[in-house]
Amino acid sequence: MLQNLPNPPQATEIPNELILHGDVRQDPYFWLNNPEDPAVIDYLNQENSYTENVLKPTEALQNELFEEMKGRMVADEQSVPYFNGKDWFYHRYETGGEYPIYCRKKCSLDAPEEILLHGNQLGKDEAYFSVGGLALSDNEQILAYATDTVSRRNYTIYFKNLQTGELLPDTIENTEGGSYAWSADSNYFFYLLRDAQTLLASKVYRHKIGTSVTEDVLVYEEKNEECYMGLSRSKSKEYIFSVSSQQGVYSEYRILKTDNPTGNFEVFQAGERGLEYFIEHQSDRFLIRTNDQDSTNFQLMECPVSGPTDKSVWQTVVAHRPDVFLDDFDATTEWIALEVKTNGLSQIQLIQAESNEYIKMEEDVFQVNIGINADYRSKILRYNYTSLTCPNSVLEYDGTSKKSTLLKEDRVLGGFDKNEYQTERLWATACDGVQVPISLVYKKGYQKGPLLLYAYGSYGYSMDPYFSSSRLSLLNRGFAFAIAHIRGGQEMGRHWYEDGKMMRKMNTFTDFIDCGKHLISMGKVTENQLFAQGGSAGGMLMGGIINMAPNLFAGVIAAVPFVDVVTTMLDETIPLTTGEWEEWGNPKKEEHYHYMKSYSPYDNVVAQDYPHLFVTTGLHDSQVQYWEPAKWVAKLRKTKTDKNILLLDCDMSAGHGGASGRYKRFNDIAKDYAFLLGINELVSAQ
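Going by the working numbering, the residue at position 221 of the sequence shown is 276; the numbering climbs one at a time, nothing skipped.
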């Protein structure tokens with residue numbers, strides 16, 4: 056398998072010098088940054104043909120894997136209905152359907168089903184299709200929804216008359232999907248407009264239903280190009296929140312009463328560098344999750360809805376705790392739920408009038424988070440639970456009885472039995488002495504063999520242990536799977552993020568390498584059968600670790616990898632660039648430039664042996680432009696000294712998230728697993 060390879064394509068080299076701070080970088084593949092150039096498309100098609108030819112011996116295996124994964128899915132699956140205080144909402148799938156059907160039952164679950172939006176009908180003729188969020192007007196007559204048919208996460212908003220089923224003529228393009236809110240009288244609709252080139256959402260508009268979009272009113276514009284914006288409505292439906300934020304350093308909310316839609320948004324607390332806060336409305340107060348007063352791991356504060364709302368009047372509800380990271384929160388009139396992390400695991404703390412407690416979990420390695428609690432006056436908390444062996448589950452917790460009720464555990468067909476699998480929590484010692492957690496799963500009976508190590512490690516995004524039915528196809532074929540909870544996430548608290556960003560980003564790479572070495576030393580994996588996988592910023596991680604420790608990994612999958620860090624962060628016309636300076640640094644600053652260059656995967660490709668590599672991208676990717684992985688593969692192929700397999704797979708109709716649809720995504724996963732299994736067969740025979 057995967058032998059007798061055809062000759063790979065060779066990208067044309069065009070001399071190109073990039074000079075900054077007196078430093079010269081050579082980028083002969085810079086010309087690939089032009090999707091309008093037929094030569095670029097031709098090169099990508101050549102790479103795709105090469106990948107198809109190399110993987111051709113695995114076609115039967117890919118089909119087998121796909122059918123396994125599809126066969127574990129319940130064809131007519133339905134989500135757990137949730138109550139918004141008046142009606143019940145849920146989505147379901149029809150047998151053979153790729154997209155969800157969104158439904159409502161009025162007042163009672165015994166009421167007849169009303170289909171609000173039929174995803175299969177809307178997406179049937181689209182190569183890519185995604186729904187970006189539904190918002191029902193308060194009078195329940197109009198459904199606002201958004202769709203993306205290109206995969207650049209640029210959504211068009213439509214308005215559907217639920218009485219007639221017809222679309223209103225109002226159509227709004229270039230919006231942030233899901234970031235919108237209705238006024239209380241259902242006459243006005245607020246949304247975020249994106250810049251057509253940078254895709255940054257910086258303008259809040261008010262649209263009056265029934266009028267032309269050209270008459271929409273700009274109510275706020277964020278001038279700071281380093282900020283991201285969000286728009287939402289409070290659970291109480293009394294307020295609209297507009298927030299501008301910089302990654303990990305700044306936030307500023309503006310609020311507007313929904314019964315005063317033509318009024319002005321008022322600043323909640325003026326933005327200050329270093330001050331982050333997040334708000335929700337509860338009865339006669341606002342609740343605020345904030346790092347104010349040196350609360351590195353955040354605390355929960357409050358202030359009255361009447362009077363000033365700036366931080367001078369904030370009062371502590373739950374004080375800062377050095378060993379507990381306050382990650383998120385939710386509230387109804389009856390309770391406050393805190394989503395926290397302690398010792399690398401998520402927990403839920405429920406606060407009610409007479410109690411303050413953690414909900415107990417049964418397993419040692421798991422993920423738990425606050426679920427959909429749309430009923431503003433509910434006394435019951437809904438939450439989600441999963442682990443490396445337990446499928447996604449929805450539960451409700453009664454704070455009075457102290458009991459959880461399981462509403463649904465996702466069914467996994469094909470003879471799945473969770474008791475056949477084993478999980479472990481391990482701790483690796485990093486090169487600076489820090490203890491890094493690892494979550495491990497394998498099928499019982501596994502004896503030291505192949506293992507896939509996965510991580511992300513950026514933006515403070517915690518990669519908690521989660522169940523994957525498709526992953527069973529790998530575990531059942533003798534692989535173990537592990538997640539390295541490296542710095543750059545927030546599994547161990549806010550300091551875990553701060554120690555893995557900007558001028559400390561190198562910790563992310565060395566943590567992952569040290570986790571791999573630890574798994575080998577502990578006898579959890581055969582030394583020449585350690586594989587690695589990561590996507591997006593995790594794909595950058597893959598690029599970094601193969602430059603730094605090329606002999607540690609037998610094979611690597613880098614999905615939509617962010618690998619040309621310096622060049623991308625210098626180009627402010629590329630989507631997301633300016634808003635990411637607080638994550639990676641601004642290379643216009645000489646100190647940042649040299650540090651970023653020291654780990655940028657593309658800039659550090661050298662003449663050495665590299666592991667087998669499978670690199671994926673999408674032509675329409677708005678987050679990591681396709682040319683980054685394309686240039687990286689071209690440079691690797693020119694420079695590396697080994698004869699190992701190097702593949703680039705570019706989806707010509709998708710973007711950052713890959714293929715859309717419930718089943719289509721399994722094609723991509725099957726291809727990944729076929730690559731891993733094929734490479735494992737090769738290295739095992741050596």
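Just so you know, even glycine gets a beta-carbon here, dropped at the ideal spot from N, CA and C. Keep in mind that this is a model prediction, so the values were computed, not measured.
Rounded distance between the beta-carbons of residue j and residue i, thought under 8 Å
{"i": "F567", "j": "A592", "result": "Not quite, the Cβ-Cβ distance comes to about 12 Å (not below 8 Å), so this is no contact."}
{"i": "Y275", "j": "S297", "result": "6 Å"}
{"i": "I632", "j": "D626", "result": "For clarity, residue 632 is Thr in the given sequence; the question names Ile instead. Indeed, because the Cβ distance is near 6 Å, the residues count as touching under 8 Å."}
{"i": "M124", "j": "I724", "result": "7 Å"}
Extent of the continuous alpha helix (DSSP H) to which residue i belongs
{"i": "M124", "result": "E114 to G126"}
{"i": "K690", "result": "W682 to T694"}
{"i": "V491", "result": "No alpha helix (DSSP H) contains V491, which is instead part of the beta strand (DSSP E) from Q490 to K498."}
{"i": "Y549", "result": "Reading the sequence as shown, one finds Arg at residue 549 and not Tyr. Element bounds for R549: R549 to E553."}
{"i": "L110", "result": "That residue, L110, is in no alpha helix (DSSP H); it is neither H nor E in DSSP."}
{"i": "N735", "result": "R720 to A740"}
{"i": "L527", "result": "L527 to L530"}
{"i": "S401", "result": "Element bounds for S401: not the alpha helix (DSSP H) but the beta strand (DSSP E), L400 to I406."}
{"i": "L701", "result": "Unbroken run through L701 is the beta strand (DSSP E), L701 to D706; no alpha helix (DSSP H)."}
{"i": "V467", "result": "Taken as a continuous stretch (DSSP letters only), V467 belongs to no alpha helix (DSSP H), as it is neither H nor E."}
{"i": "V621", "result": "V620 to L625"}
{"i": "E32", "result": "Given a span of 56 to 741 for the chain in the structure shown, any question on residue 32 remains unanswerable."}
{"i": "H649", "result": "E645 to Y654"}
Counted within 10 angstroms of its Cβ, other Cβ atoms place residue i as buried (16 or more) or exposed
{"i": "N445", "result": "Per the sequence shown, the amino acid found at residue 445 is Cys instead of Asn. Looking at its Cβ environment, which holds 16 or more other Cβ atoms inside 10 Å, C445 is buried."}
{"i": "P167", "result": "exposed"}
{"i": "C570", "result": "buried"}
{"i": "P377", "result": "exposed"}
{"i": "Q81", "result": "exposed"}
{"i": "M624", "result": "buried"}
{"i": "T31", "result": "The displayed coordinates of the chain run from 56 to 741. Any statement about residue 31 would go beyond what the structure contains."}
{"i": "N209", "result": "buried"}
{"i": "C705", "result": "buried"}
{"i": "Y413", "result": "exposed"}
{"i": "H573", "result": "buried"}
{"i": "K698", "result": "exposed"}
{"i": "I600", "result": "buried"}
{"i": "G178", "result": "buried"}
{"i": "P63", "result": "buried"}
{"i": "V661", "result": "exposed"}
{"i": "C486", "result": "exposed"}
{"i": "A408", "result": "exposed"}
Chain-order list of residues whose beta-carbon lies under 8 Å from that of residue i (same chain, five-residue window excluded)
{"i": "N242", "result": "K263, I264 and P316"}
{"i": "Q490", "result": "W482, A483 and T484"}
{"i": "L172", "result": "I156, Y157, V186, L189, L198, Y200 and K215"}
{"i": "G504", "result": "G533, F534, A535, V580, T581 and Q584"}
{"i": "V79", "result": "E72 and L73"}
{"i": "K292", "result": "D193, A239, T313 and Y431"}
{"i": "N139", "result": "A429 and D430"}
{"i": "E221", "result": "K215"}
Cβ-based neighbour list, residue i, same chain, cut-off 7 Å, excluding 5 preceding and 5 following
{"i": "D250", "result": "S257"}
{"i": "A182", "result": "S708"}
{"i": "R340", "result": "E357, C358, P359 and V360"}
{"i": "D203", "result": "S185, G187, N209, Y210 and G232"}
{"i": "Y521", "result": "Q422 and T441"}
Close Cβ partners of residue i (< 6 Å) along its chain, the five nearest in sequence each way excluded
{"i": "S513", "result": "G543 and A592"}
{"i": "F640", "result": "The question names Phe, but residue 640 is Gly in the sequence shown. Taken in chain order, the residues that qualify are M557, H647 and M651."}
{"i": "F353", "result": "R344, N346 and L381"}
{"i": "N88", "result": "W682"}
{"i": "Y452", "result": "I414, L436 and S459"}
{"i": "L99", "result": "C705"}
{"i": "D225", "result": "F214"}
Element boundaries [beta strand (DSSP E), containing residue i]
{"i": "T444", "result": "Element bounds for T444: n/a, residue is neither H nor E."}
{"i": "V373", "result": "Q370 to V373"}
{"i": "Y509", "result": "G504 to Y509"}
{"i": "W482", "result": "Y476 to T484"}
{"i": "E394", "result": "I391 to T397"}
{"i": "V79", "result": "D78 to Q81"}
{"i": "E412", "result": "N411 to Y413"}
{"i": "M356", "result": "Q354 to P359"}
{"i": "N424", "result": "Q422 to I425"}
is_contact[residue i, chain C] using C-beta, thresh 9 Å
{"i": "Y657", "result": "Looking at the structure shown, chain C is missing, and only one protein chain is on hand."}
Going residue by residue through the stretch 225–262, where are the continuous beta strand (DSSP E) segments of at least 3 residues, counting only ones entirely within it?
If we require 3 residues or more, the beta strand (DSSP E) runs fully inside the stretch 225–262 come out as 243–249.
For the stretch 135–210, list the beta strand (DSSP E) runs that are entirely contained and at least 3 residues long, ordered along the chain.
143–147, 156–160, 169–173, 185–191 and 197–203
Which runs of the beta strand (DSSP E) at least 3 residues long sit entirely within the stretch 264–350? Give them in chain order.
For the beta strand (DSSP E) assignment, the uninterrupted runs of no fewer than 3 residues enclosed by the stretch 264–350 are, from N- to C-terminal side, 272–276, 283–288, 294–301, 305–312, 332–337 and 340–345.
Segments of 3+ residues assigned as beta strand (DSSP E) that fall wholly inside the stretch 552–618:
Runs of the beta strand (DSSP E) inside the stretch 552–618: 580–590 and 610–614.
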